[in-house]
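K.L.:
Structure below; questions to follow.
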Amino acid sequence: MKSEHIPKATIGRLAVYIQVLENLLRDGNEVISSEKLARACSVNSSQIRKDLAYFGEFGVRGVGYYVQELITSIKASLGIDRVWKCALIGVGNMGSALLRHHDFEKRGFKICAAFDCDPDKIGLEFEGMEIVCPTHLKEQAPELNLEIGIIATPPDRAQRAANHLVDANIKGIINFAPSRINVPKHIPVEYVDFFDHLYAIAFQITLGTD
């Protein structure tokens with residue numbers, strides 16, 4: 001399997017498949033057909049088979065997919081069959097909401113350290129975690145085995161936050177700040193912008209009214 005040949009949209013759909021499969025398992029479904037899984041995920045069954053084919057062969061002809069086995073296989077393929085330790089920079093409204101979100105570990109991620117440059121926040125405890133100045137990130141990253149950085153700062157502080165993450169040898173970054181950042185090419189960056197989704201919805205509605 002070569003990850004560079006796997007479409008980004010496929011990775012996004014696999015995350016949806018996991019959520020749906022986990023809900024099905026909680027409801028007592030041990031086996032599911034590709035058609036039923038497709039309906040639950042709002043895609044067609046051929047799309048599911050195509051997405052899964054990037055990672056190997058799944059399912060039994062005439063039976064379907066064993067739900068727990070498929071969950072385990074997809075998580076292993078995505079690298080979330082382990083816990084990824086994260087550093088959060090920016091404990092404002094967005095950062096605070098992320099720290100309050102208690103589903104991270106269920107999804108394979110854990111925010112282990114929180115940083116903010118606001119002197120009024122440094123030293124405070126929030127959700128059981130002390131807020132630390134980002135200048136200490138470089139020394140804490142190896143101690144806590146931090147691998148993923150989450151930027152939740154105002155846009156004018158995003159690049160500075162990214163610089164701290166790069167200096168700390170963080171392997172990947174999620175950026176919630178509405179601004180682009182410059183990092184070395186070997187560090188993957190994902191941008192999360194609420195307005196991108198609003199634009200997409202507005203465009204789809206506009207197409208439907210033409």
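If you read the sequence shown in my numbering, its first letter stands for residue 1, the second for the next number, and so on.
Don't be surprised by glycine CBs; every beta carbon is placed ideally from N, CA and C.
Keep in mind that this is a model prediction, so the values were computed, not measured.
#1: With I18 and C86 assumed to form a contact (beta carbons below 8 Å), what rounded beta-carbon distance in angstroms separates them?
#2: Roughly how many whole angstroms lie between the Cα atoms of G108 and L88?
#3: Could you tell me the alpha carbon to alpha carbon distance between R26 and V83, rounded to whole angstroms?
#4: Where N145 and D116 are concerned, what is the direct C-alpha to C-alpha distance, given to the nearest angstrom?
#5: Terminal residues of the continuous alpha helix (DSSP H) containing C86?
#6: Roughly how far, in whole angstroms, is the beta-carbon of V31 from the beta-carbon of Y65, given that I think they are within contact range, below 8 Å?
#7: Count the CB pairs spanning the stretch 64-78 and the stretch 92-107 that are closer than 8 Å, and state whether there are at least three.
#8: Looking only at C-alpha atoms, which of I48, P178 and H186 sits nearest to F194?
#9: Compute the Euclidean distance between the alpha carbons of C133 and H186, then round it to the nearest angstrom.
#10: Tell me which same chain residues have a C-beta within less than 6 Å of the C-beta of S77, skipping the five on either side of it?
#11: What is the DSSP secondary structure of C133, reduced to helix, strand or coil?
#12: DSSP three-state label for F194, please.
#13: By the 10 Å Cβ neighbour count, where 16 or more other Cβ atoms means buried, how is L198 classified, buried or exposed?
#14: Use the C-beta contact count for H164: other C-beta atoms within 10 angstroms, 16 or more gives buried, fewer gives exposed.
#15: Leaving out five residues before and five after K138 in sequence, what residues of the same chain have Cβ atoms less than 6 Å from its Cβ?
#16: Let me know if D51 comes out buried or exposed under the rule of 16 or more other beta-carbons within 10 Å of its beta-carbon.
P.N.:
The relevant details are as follows:
#1: Not a contact, Cβ separation roughly 19 Å.
#2: Computed Cα separation, rounded: 16 Å.
#3: Taking the straight line from one Cα to the other gives about 21 Å.
#4: In this structure, the alpha-carbon of N145 lies about 19 Å from that of D116.
#5: From DSSP, C86 is part of no alpha helix (DSSP H) but of the beta strand (DSSP E) over W84 to I89.
#6: The C-beta distance from V31 to Y65 rounds to 7 Å, short enough to fall under 8 Å.
#7: Fewer than three Cβ pairs drawn from the stretch 64-78 and the stretch 92-107 lie within less than 8 Å of each other, which leaves the two stretches out of contact.
#8: Nearest C-alpha to F194: P178.
#9: When the Cα atoms are used, C133 and H186 turn out to be separated by approximately 26 Å.
#10: Leaving aside the five residues that flank S77 on each side, the residues in its chain whose CB is nearer than 6 Å to its CB run, in chain order, F55.
#11: Per DSSP, reduced to three states, the secondary structure at C133 is coil, with no helix or strand assignment.
#12: In this structure, F194 counts as helix in the three-state DSSP scheme.
#13: Exposed.
#14: Classification of H164: buried, given that the 10 Å Cβ count is 16 or more.
#15: Contacts found: D167 and A168.
#16: So D51 counts as buried.
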